[in-house]
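In my numbering, the protein residues as written are 3 to 367.
Written out below as structure tokens is the structure these notes cover.
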């Protein structure tokens with residue numbers, strides 16, 4: 003019975019609501035929506051009517067470009083050429099840029115300090131056995147300058163080098179060095195077949211400011227010779243360098259005198275035996291002219307050089323200046339040649355041409 007009454011009340015409520023909504027002269031409730039409308043229209047917006055076609059305004063076609071007159075073409079050409087010429091450097095400006103680049107390169111490679119070149123000065127060092135118990139000597143070198151270092155004995159005879167130890171990242175010795183991956187350690191100086199080892203080395207620092215040392219071992223010398231090397235800190239550069247070693251070089255021939263007859267008292271001098279000695283100047287002129295004296299033995303030489311062996315001395319005729327080893331005498335010859343005299347034969351020589359390039363010379367005996 004209660005369920006029937008509840009249903010009746012619900013139906014009555016629905017009818018009452020519909021009657022209120024449809025009563026004439028009464029406003030519709032706020033949330034009332036007429037049947038058939040699913041979207042609420044905002045206030046002030048008229049109801050949508052039938053779709054009207056969209057009118058797109060038509061645009062006039064672009065005008066056809068006219069051909070340029072000769073005067074206009076000439077004006078356009080002048081403007082293009084003028085704009086291009088304005089972007090190209092003038093010859094004077096190119097020279098200024100070139101000069102600035104050269105000045106910068108020269109300043110970066112300048113071997114001196116404050117615009118002053120280091121002054122070359124010869125250097126003589128004396129080495130004894132006390133070198134193993136004293137501070138080593140310091141050589142002042144310069145970047146870009148190759149300094150020859152020659153070893154001699156007390157009488158000036160050349161002393162052969164057995165090995166050289168140095169850091170190739172700091173120094174270049176005879177063209178070997180200045181590489182990043184070069185192996186460190188001692189470098190043996192090989193001797194040519196039937197000849198002596200070199201008696202000098204050529205050293206150059208790899209940088210402007212360099213500080214390091216080299217170790218030189220000489221033949222028949224029980225102790226190494228250390229030398230400190232400094233560059234970029236002096237107004238002078240040591241070139242050439244001569245190291246005088248106490249003792250006698252193994253290259254010096256040993257004369258053995260045998261007494262085959264009883265010693266007699268000195269008497270009046272007798273007639274000279276054998277050929278008379280020839281003056282060194284005359285010999286240099288003969289070899290320099292390419293006309294060696296009788297008895298001279300011609301040797302096989304490379305590098306455009308000529309070599310002879312005469313009375314246990316070697317004479318070399320070459321174009322340019324000889325860098326290594328050091329000769330005992332030299333003289334100018336015709337045709338831009340120079341003639342050099344050596345106390346003993348040497349199989350390896352280094353000459354410097356007029357353009358500064360070094361040439362290795364090999365001599366076979």
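Yeah, the Cβ is synthetic: ideal placement off N, Cα and C, and Gly gets one too.
(request) Ignore the nearest five residues each way along the sequence and tell me which others in residue 295's own chain have a CB closer than 6 angstroms to its CB. (result) 288
(request) Find out if the Cβ-Cβ distance for the pair residue 147, residue 239 is shorter than 8 angstroms. (result) yes
(message) Suppose you measure from the CA of residue 326 to the CA of residue 345; what does that come to, to the nearest Å?
(response) 14 angstroms
(request) Name, in chain order, the residues that DSSP records as bridge partners for residue 252. (result) Answer is none; residue 252 lacks a bridge partner.
(request) Determine the burial state of residue 176: buried for a count of at least 16 other Cβ atoms within 10 Å of its Cβ, exposed for fewer. (result) buried
(message) Going by DSSP in three states, residue 353 sits in which element: helix, strand or coil?
(response) strand
(request) Report yes if the C-beta distance between residue 217 and residue 167 is below 8 angstroms; otherwise report no. (result) yes
(request) Could you please give the first and the last residue of the uninterrupted beta strand (DSSP E) stretch that includes residue 122? (result) 121 to 129
(request) Check the C-beta distance from residue 231 over to residue 212 and give it rounded, since I have them as a contact under 8 angstroms. (result) 7 angstroms
(request) Please state if the CB of residue 342 and the CB of residue 332 are separated by a distance shorter than 8 angstroms. (result) yes
(message) According to DSSP, simplified to helix, strand and coil, what is residue 136?
(response) coil
(request) Would you mind giving the Cβ-Cβ distance between residue 208 and residue 253, rounded to the nearest angstrom? I have them listed as a contact below 8 angstroms. (result) Residue 208 to residue 253, Cβ: 32 angstroms. No contact.
(message) With three or more C-beta pairs closer than 8 angstroms as the rule, is the region 156 to 170 touching the region 130 to 143?
(response) no
(request) Please report how far the alpha carbon of residue 83 lies from the alpha carbon of residue 64, in whole angstroms. (result) 31 angstroms
(message) Once DSSP output is grouped into helix, strand and coil, what is the label at residue 80?
(response) helix
(request) Report the residue from 247, 138, 112 and 62 whose alpha carbon sits nearest the alpha carbon of residue 130. (result) 247
(message) Considering Cα atoms alone, identify which of 215, 245, 297 and 219 is closest to residue 229.
(response) 215
(request) Give the secondary structure of residue 223 by DSSP, where H, G and I count as helix, E and B as strand, and everything else as coil. (result) coil
(request) Please go through the same chain and pick out, in chain order, the residues whose beta-carbon is closer than 6 angstroms to the beta-carbon of residue 364, but skip the five residues on each side of it. (result) 304
(request) Could you tell me how far apart the beta carbons of residue 297 and residue 319 are, in whole angstroms, since I believe they sit closer than 8 angstroms? (result) With a Cβ gap of about 17 angstroms, residue 297 and residue 319 do not count as contacting.
(request) Would you identify the three-state DSSP class for residue 360, choosing helix, strand or coil? (result) strand
(request) Tell me where the beta strand (DSSP E) around residue 283 begins and ends. (result) Counting along the chain, residue 283 falls outside any beta strand (DSSP E), though it belongs to the alpha helix (DSSP H) covering 282 to 290.
(message) Since residue 323 and residue 353 should fall inside the 8 angstroms C-beta cutoff, what is the C-beta to C-beta distance between them, to a whole number of angstroms?
(response) 7 angstroms
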